[in-house]
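Read the structure below first, then the notes.
Residue numbers (the UniProt record's numbering): 1 to 478.
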């Protein structure tokens with residue numbers, strides 16, 4: 001084993017304010033709710049105090065978005081709207097290091113992932129959708145598609161900046177205005193994005209950012225002047241939102257939980273598959289809705305794959321997220337850590353065999369070791385429930401039909417993976433999997449041109465690609 005010296009990214013590039021307000025109508029303003037403190041999950045230090053938006057604050061933001069839609073953004077030439085999106089994308093690139101460090105501080109994810117995945121993909125979504133702004137009539141969504149109006153958007157804490165881009169970029173490209181509510185534990189990159197909107201001279205009211213907890217999100221979603229609701233988060237909250245929106249004029253997109261099957265056949269290249277398994281479940285500490293948390297291995301190669309996987313996990317570095325050598329950072333919050341521990345304890349109690357690598361965890365902060373359970377059946381909670389942490393359940397199968405049956409034996413249907421050297425087998429299996437996204441001989445690869453979304457309790461609607469534009473448009477064939 002090599003010994004690595006720490007390679008710490010500097011915090012000095014980020015200028016943290018002691019407190020942050022709401023971003024409404026192009027300006028930062030005070031919130032009238034009780035402020036929240038946002039923490040660094042790796043150290044438990046308070047990073048800043050963030051305003052909470054009350055119902056009155058949300059109403060102010062929605063009214064600002066409506067004015068901008070009616071007077072400025074809606075009537076604007078589509079090509080000019082595209083120029084603003086291009087400008088935002090370039091500013092995200094120019095300030096990429098600042099965004100990456102802030103995301104790591106507020107979220108706990110490794111700086112390598114913030115730097116190499118989150119920020120570049122966020123910029124890519126704005127570049128991609130900027131190109132669509134003046135070409136919507138060629139998207140196959142009617143001859144004269146029109147924007148819906150005001151979009152109320154609520155995003156989760158696992159990919160704060162990237163989820164913001166997934167929501168805001170298509171909304172603006174299609175001519176809508178936005179009121180966005182970031183997660184209460186990770187609001188800082190959304191507020192830095194508000195500065196980018198000012199820097200890009202985006203017209204006031206086009207993007208509004210209201211921070212707070214669940215009550216703020218409910219106020220955004222239930223506001224009568226919101227035309228479109230987009231939510232990414234837990235299935236439980238998604239059900240509540242669907243009930244709230246039912247019977248109204250609002251359009252709804254839900255991207256919810258997942259329990260993805262990652263299927264490894266006996267002809268798969270083991271070393272390549274192991275890298276994909278690690279990426280599938282331990283990327284972002286397993287805080288990924290489409291994480292490959294159920295590993296289905298053909299029985300004849302089970303022992304070989306598990307042994308290789310354990311060797312590889314033994315090389316993963318868990319620690320300071322700002323260290324460029326770190327592979328797994330901190331769990332995002334104390335409640336999420338407790339949820340992971342509860343489900344892992346359930347795995348132990350139900351008779352599955354837990355394996356974790358040797359080594360100590362930092363004394364402060366929220367941490368959990370990468371974990372593999374073997375001897376798991378489809379009846380175990382760890383094989384049914386979304387852990388949303390670095391916990392992998394290993395199941396076996398004998399035939400391709402059994403693999404498909406076990407993979408589809410889930411209330412979720414967001415993603416899946418297939419590992420095989422036979423192209424015909426991959427095509428046959430993927431066509432039978434009830435999942436919105438299926439990767440072949442890779443995992444957790446994302447691109448703004450490719451639609452993303454699920455089936456069953458993983459939600460409905462698509463984000464990204466041409467299909468993702470449809471959620472923000474009404475067809476007008478006159």
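Think of the CB as a built atom: it goes at the ideal place given N, C-alpha and C, for glycine as much as any other residue.
So, for residue i: in the same chain, excluding its five sequence neighbours on each side, which residues have a beta-carbon less than 6 Å away from its beta-carbon?
i, result
"residue 375", "352, 353"
"residue 24", "60, 61, 64, 208"
"residue 256", "235, 238, 458, 459"
Give the straight-line distance between the Cα atoms of residue i and residue j, rounded to the nearest whole angstrom.
i, j, result
"residue 55", "residue 216", "7 Å"
"residue 182", "residue 435", "27 Å"
"residue 211", "residue 10", "27 Å"
"residue 223", "residue 188", "24 Å"
"residue 277", "residue 297", "11 Å"
"residue 166", "residue 264", "30 Å"
"residue 246", "residue 472", "18 Å"
"residue 462", "residue 200", "28 Å"
"residue 312", "residue 274", "8 Å"
"residue 82", "residue 468", "17 Å"
"residue 163", "residue 305", "33 Å"
"residue 205", "residue 26", "6 Å"
"residue 16", "residue 178", "25 Å"
"residue 79", "residue 203", "15 Å"
"residue 474", "residue 148", "6 Å"
"residue 254", "residue 5", "43 Å"
"residue 480", "residue 134", "Nothing in the structure corresponds to residue 480, since the chain is present only between 1 and 478."
"residue 248", "residue 140", "26 Å"
"residue 173", "residue 329", "34 Å"
"residue 251", "residue 232", "15 Å"
Contact check, residue i vs residue j under 8 Å by CB: the rounded distance?
i, j, result
"residue 465", "residue 442", "No, residue 465 and residue 442 are not in contact; Cβ-Cβ is about 18 Å, not under 8 Å."
"residue 389", "residue 285", "6 Å"
"residue 394", "residue 344", "Rounded, the Cβ-Cβ distance is 14 Å, inconsistent with contact."
"residue 118", "residue 103", "6 Å"
"residue 7", "residue 324", "4 Å"
"residue 186", "residue 107", "5 Å"
"residue 136", "residue 153", "About 20 Å; that fails the 8 Å criterion."
So is residue i buried or exposed if we call it buried at 16+ other beta carbons inside 10 Å?
i, result
"residue 366", "buried"
"residue 58", "buried"
"residue 412", "buried"
"residue 46", "exposed"
"residue 71", "exposed"
"residue 272", "exposed"
"residue 322", "buried"
"residue 478", "Summary for residue 478: the model assigns pLDDT 44, below 50, so the residue's position carries little reliability; its value from the coordinates is reported in the next sentence. The residue in question, residue 478, is exposed, as its Cβ has fewer than 16 Cβ neighbours within 10 Å."
"residue 12", "exposed"
"residue 379", "exposed"
"residue 113", "buried"
"residue 386", "buried"
"residue 190", "buried"
"residue 420", "buried"
"residue 427", "exposed"
"residue 42", "buried"
"residue 359", "exposed"
"residue 553", "Outside the displayed span of the chain (1 to 478) sits residue 553, for which this structure offers no information."
"residue 401", "exposed"
"residue 453", "buried"
Please return the same chain residues whose Cβ sits closer than 7 Å to the Cβ of residue i, not counting the five positions on each side in sequence.
i, result
"residue 368", "331, 337, 340, 389, 390"
"residue 184", "36, 212, 213"
"residue 128", "448, 449"
"residue 74", "147, 175"
What does a CB cutoff of less than 8 Å around residue i pick up in its chain, not counting 5 residues either side in sequence?
i, result
"residue 260", "280, 290, 291, 292, 293, 294, 412, 414, 415, 416, 417, 435"
"residue 355", "310, 371, 372, 373, 374"
"residue 111", "9, 100, 101, 104, 321, 322, 323, 324, 326"
How far does the beta strand (DSSP E) with residue i in it extend, from its first residue to its last?
i, result
"residue 417", "415-419"
"residue 45", "Premise fails: residue 45 is in no beta strand (DSSP E) and is neither H nor E."
"residue 393", "391-397"
"residue 177", "177-181"
"residue 166", "No beta strand (DSSP E) contains residue 166, which is instead part of the alpha helix (DSSP H) from 160-173."
"residue 231", "228-232"
"residue 440", "437-440"
"residue 152", "150-154"
"residue 16", "No beta strand (DSSP E) holds residue 16; DSSP gives it neither H nor E."
"residue 261", "261-264"
Return the first residue and the last residue of the alpha helix (DSSP H) that residue i is part of.
i, result
"residue 487", "One cannot answer for residue 487 here, as it falls past the ends of the chain, which runs 1 to 478."
"residue 37", "Taken as a continuous stretch (DSSP letters only), residue 37 belongs to no alpha helix (DSSP H), being part of the beta strand (DSSP E) at 36-39."
"residue 406", "400-408"
"residue 26", "Looking at the DSSP string, residue 26 is not in any alpha helix (DSSP H), and its letter there is neither H nor E."
"residue 309", "302-313"
"residue 350", "First-last for residue 350: undefined, no H or E at that position."
"residue 251", "Segment 251-255 is the beta strand (DSSP E) holding residue 251; no alpha helix (DSSP H) there."
"residue 281", "270-282"
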